[in-house]
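Position in the first sequence (first residue = 1) + 59 = the working numbering.
Note that CB positions come from ideal geometry on N, CA and C, so glycine has one too.
Written out below as structure tokens is the structure these notes cover.
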Amino acid sequence: MSEQLERDYRDTLRLPTTAFPMKAELPKREPLRVAWWHEERVYERRLERNRANAPWVLHDGPPYANGELHMGHFLNMVLKDMFVKIALLDGKWADFVPGWDMHGLPIELETLKHLGIKDFHAIDPLELREKCKERALYWLDRQRSTRVRMGTFGHFERPYRTIDPTFEATIVETLAELAEKQQIYKGLRSTLWCVHDETALAEAEIEYEQKVSPSIYVRFPLTPSQQEQLASVLRGRGSADGKMPPDDAVPSVLPSVPKGVSFLIWTTTPWTLPANVAIALRADATYGLYEIEGEGLVLATALAPSALGERFAGARLLATTTGEKLDGLFARHPFLERDSAIVLADYVDLETGTGAVHTAPGHGADDFETGIKYDLPILNPVNASGHFTDEAGPYAGQFIFKANKQIVEDLRASGLLWRAHEYEHSYPHCWRCRNPVIFRATAQWFIAMDQNRLRARAMEAAGAVAYTPEWGEMRLKQMLENHPEWCISRQRTWGTPIPAVLCTGCGESILDPQIARNAAKRFGEAGAGVWWSDPVTTYLPDGFVCPSCGKCAFEKEKNIVDIWFESGVTHFAVLGHGGVPWPSDLVLEGGDQYRGWFRSSIVTAVAAKNAAPYKHVVKNGWVNDEHGRPMSKSKGTGIDAKDAMEKWGADVLRLWAASVEFVDDVRFGPNVVEQVGRVYRNIRNRIRFMLSNLDGLAPSDVVTRDAMQPLDALACSVVDACVTDVKGLYDRFDIHGAYLRIVEFESTMSSLYFDALKDPLYSRGLHDGRRRSAQSALLYAVKRFLTAIAPVLSFTAEEAWQEIPAPLRGDEMSVFDSSFAAVSIDRDALADDLALWDELRALRAQVAGSAVRDFEAKVRIEAGIALHERLARLGDNLREALVVSQCDLVAAPGLKDDAATLEITNADGEKCRRCWKFRLLGGDADHPSLCAECASVVRVLEA
RNA sequence: GGGCCAUUAGCUCAGCUGGUUAGAGCGCAUGCUUGAUAAGCAUGAGGUCCCAAGUUCGAACCUUGGAUGGCCCA
């Protein structure tokens, strides 16, 4: 008897059991899951199933196949994956083709470095291309395995690659189409040029960095006759053309400046002085002639104090005039035997310098425009590698940045240097080799942004696109509006040739649509490398003659196309065939792509098809470190995606991606991951609780929603509400909102519902109806919850899904076979259920917070009429929800409808040794320490 | 230097069109539980809502100026 009194009945309980481990060990387990997805063709099978449904396409902006993927890539790629999976689970045909950008200078440079070759002219182009291809493929493979390791779905076995012959054909095909529309021209232009890489650069290939430059003020002296003309302008009687004779009645200023007069200019690029042909003034600015120690200097009065420095104190202002009046005068070049014209330009500012801007049309975009406007010679005394040509006179052969010093010294020696010091400013650098770039006038191929109203049409098309965030529209339009002519030619080897030919008769460069089409066809069959080996005749249509001189002898041009143009036509290569729609439904890239890929894509699309290539542009933020500072690989603060996944696992990092507001800049680091890791463990444990209580449930045991006990049906409503909300948030691209909703849900389920279920689940008999109802609700909850989190926590959702007993999974083998599609939801009923849920939570909180322990308590609830009615419908489930031994519910007409008062006292009876509830014990002589219910359960067990 | 964005608890973030004592999760402290146990539950302490001025009966929210950080451009 005493033995029975002290018996521990633990072994008669149905305690939770599951193979789903508490410890995630993600880095170890995830790669196996990736392999399983692949083997089971989970993505492909779901696609096939969705094939008949609406297509939905996220078009992948290609990462550059060079270097390891970092956390910025991770964020972007995982977000893309989330949207693909959301569409997939929504039943859409979400065909995702990842791609890589594989041509271009960075790979060429890396390959040359790899080969130990300094001068790229020293290697055969075809051999270099072969090596570059190897290198690019090597990086593609590494990046692809990292990307697959992230758990992303897509056709990774057949990505699009810009080096594929078919892709090269698309590029050239697009060139042909644009040439046909006369959207491309070749012209001399001052373009950004990298002297290290010996190629023209696009705007997008420039990074601004701090650089120390010489800052010099230089005199441009006037000859006596030039001085006379200036003097007449200053007297207000002359004009720049000198036709009006000087008025002797007004005293000349010249006697005051016996040492002569000069224009004073300022520059930070002394090496551009050999190309100087003009001095630009601002029309509406006031210019003064200052006398200092017998010499005269002309500069803007607003800048005289800063430009003249200490000597300003001793300066005397002799006369003033406006820039406009000085237009047309001349000064002498400081060291070359020629004049420099005084011209006007509106970009002359009065913030720095002298207001008299040294102008070299061959070495600056603004300067070039001015040169064209005034029909000035466009001098380019600098060769491709940055050395002066003979045109530079005494400096011929010198490297320009080295010549700076020499030029300054010479100016000092000749007495024309006014002042010199060092100056730190932000200066454009080559994005890859990090060397400072220059402007250099060369002949290049351009897309004419204003031909056929291309720019305006692109902006119109941009207006028809949706944006997240909304200001993206303004940003993209700005980029289109401000972007200069698009220089698409590069003088390198690793790329797709621009199939232009040069007439040997007249030297005309020709980009003929038919030749380009022939090239596209040929490249598509044999790869673009054949451009270097084929004779030019391969590409010429029959009877082709030079449209300019009528001759028929040609040679191939050796330019390749800008890789921004290549990535700008990925939409043509990937979309619009094989059932994949054009345009795409979504593109999602970092904010730098407004200027890059978002822009280049829409320009090519509008030029060729007059529509935007995407319907919705979503931008993700930058990944900074924990202090909000940029992570940079060069500074060693960058974190590789691969390393991070090995350390923390992809799913914790995926959850991190959802835990931050990805549209803004986000922070990443060990502490941030640590925090999100704890949220992860919470979610995992709550999934584990649900799974561990499905034990012993067969499909035939599962009860339908309407047959469930009230509390269980209520919990199912809470699940529905969560899934519906999460789906709605996903549809608005609000991954972070969905994350918050998921966390809120799993937390409320755990604290209210799971606690209430423990007693019914553990102490009831195996086939007890109460238990079956609870299990059925848990099955419903876990399945729907796993579906809801699968786009984010793909690994964990799948792992858990596999732990649902197979018969209960039905034909949904993978969580990605499941669906968001909900039972039809009655919104009003749902709202009522949620309100009741909250009321229960409030009551439970009062009990849990009281001094009396859960099952030691008896609760008396007095509730207003309406609340009483709702609570009464729960029956004994109300007592369960409060986790107490006894519960009396009384209607209190005196209280407000939804009000309740709670009285918590000690429960009657004694504590049952098995179920811990307070009951009358001793009804069963064999089990004197048990309540009647437990006794009967044990009897069945031990029969 | 210009444009855009951000700034709310130690951390990640909510706070709808301005309206009582500004919220959640994580962390922290305390207590309970020890039949989800390297778990679970409850309670609590943390905030000059970047700063300043203005509009308003009333401002985290609107206006202006500034600070810090980020992106893009020059």
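Residue i versus residue j - alpha carbon distance
| i | j | result |
| --- | --- | --- |
| residue 374 | residue 352 | 8 Å |
| residue 359 | residue 719 | 52 Å |
| residue 670 | residue 242 | 16 Å |
| residue 993 | residue 930 | 26 Å |
| residue 476 | residue 276 | 6 Å |
| residue 600 | residue 577 | 8 Å |
| residue 308 | residue 484 | The predicted model places residue 308 with a pLDDT of 41, which falls under 50 and marks its position as unreliable; any figure quoted below should be read in that light. Going from the Cα of residue 308 to the Cα of residue 484 covers about 48 Å. |
| residue 421 | residue 252 | 11 Å |
| residue 796 | residue 366 | 56 Å |
| residue 685 | residue 843 | 35 Å |
| residue 704 | residue 216 | 22 Å |
| residue 99 | residue 742 | 26 Å |
| residue 589 | residue 565 | 26 Å |
| residue 178 | residue 142 | 45 Å |
| residue 642 | residue 152 | 15 Å |
| residue 568 | residue 502 | 10 Å |
| residue 999 | residue 753 | 21 Å |
| residue 425 | residue 438 | 14 Å |
| residue 117 | residue 266 | 29 Å |
Beta strand (DSSP E) segment containing residue i, residue limits
| i | result |
| --- | --- |
| residue 246 | 243-253 |
| residue 503 | 497-506 |
| residue 649 | 646-649 |
| residue 678 | 675-679 |
| residue 350 | 345-351 |
| residue 391 | 389-391 |
| residue 526 | 525-527 |
| residue 375 | 375-381 |
| residue 806 | Careful: residue 806 lies outside any beta strand (DSSP E), inside the alpha helix (DSSP H) at 794-807. |
| residue 145 | No beta strand (DSSP E) holds residue 145; the alpha helix (DSSP H) holding it covers 130-148. |
| residue 357 | 354-359 |
Residue environment, residue i, which counts as buried when at least 16 other CB atoms sit within 10 Å
| i | result |
| --- | --- |
| residue 646 | buried |
| residue 974 | buried |
| residue 376 | exposed |
| residue 302 | The predicted position of residue 302 is uncertain, since its pLDDT is 42 and thus under 50; a value taken from the coordinates is nonetheless stated next. Burial call: exposed. |
| residue 447 | buried |
| residue 512 | exposed |
| residue 533 | exposed |
| residue 539 | buried |
| residue 306 | Note that residue 306 has pLDDT 45, beneath the 50 cutoff, so the model's placement of it is unreliable and no number is given. |
| residue 81 | exposed |
Beta bridge counterpart(s) of residue i as assigned by DSSP
| i | result |
| --- | --- |
| residue 965 | 916 |
| residue 945 | 917 |
| residue 486 | 268 |
| residue 280 | 321 |
| residue 274 | 480 |
| residue 338 | 401, 417 |
| residue 103 | Note: residue 103 sits in no beta bridge, so no partner. |
| residue 446 | 458 |
| residue 683 | 689, 726 |
| residue 123 | 160 |
| residue 978 | 969 |
| residue 114 | 152 |
Endpoints, alpha helix (DSSP H) assigned at residue i
| i | result |
| --- | --- |
| residue 846 | 828-848 |
| residue 633 | 629-633 |
| residue 776 | 769-790 |
| residue 926 | 924-931 |
| residue 522 | 513-522 |
| residue 744 | 729-751 |
| residue 65 | Element bounds for residue 65: n/a, residue is neither H nor E. |
| residue 97 | 85-98 |
| residue 765 | Taken as a continuous stretch (DSSP letters only), residue 765 belongs to no alpha helix (DSSP H), as it is neither H nor E. |
I'd like the ranges of any alpha helix (DSSP H) spanning at least 4 consecutive residues and lying wholly in the segment 545-620. 572-585, 589-592
What are the uninterrupted segments assigned as alpha helix (DSSP H) that are 4 or more residues long and contained completely in the segment 156-224, given in chain order? 164-174, 184-208
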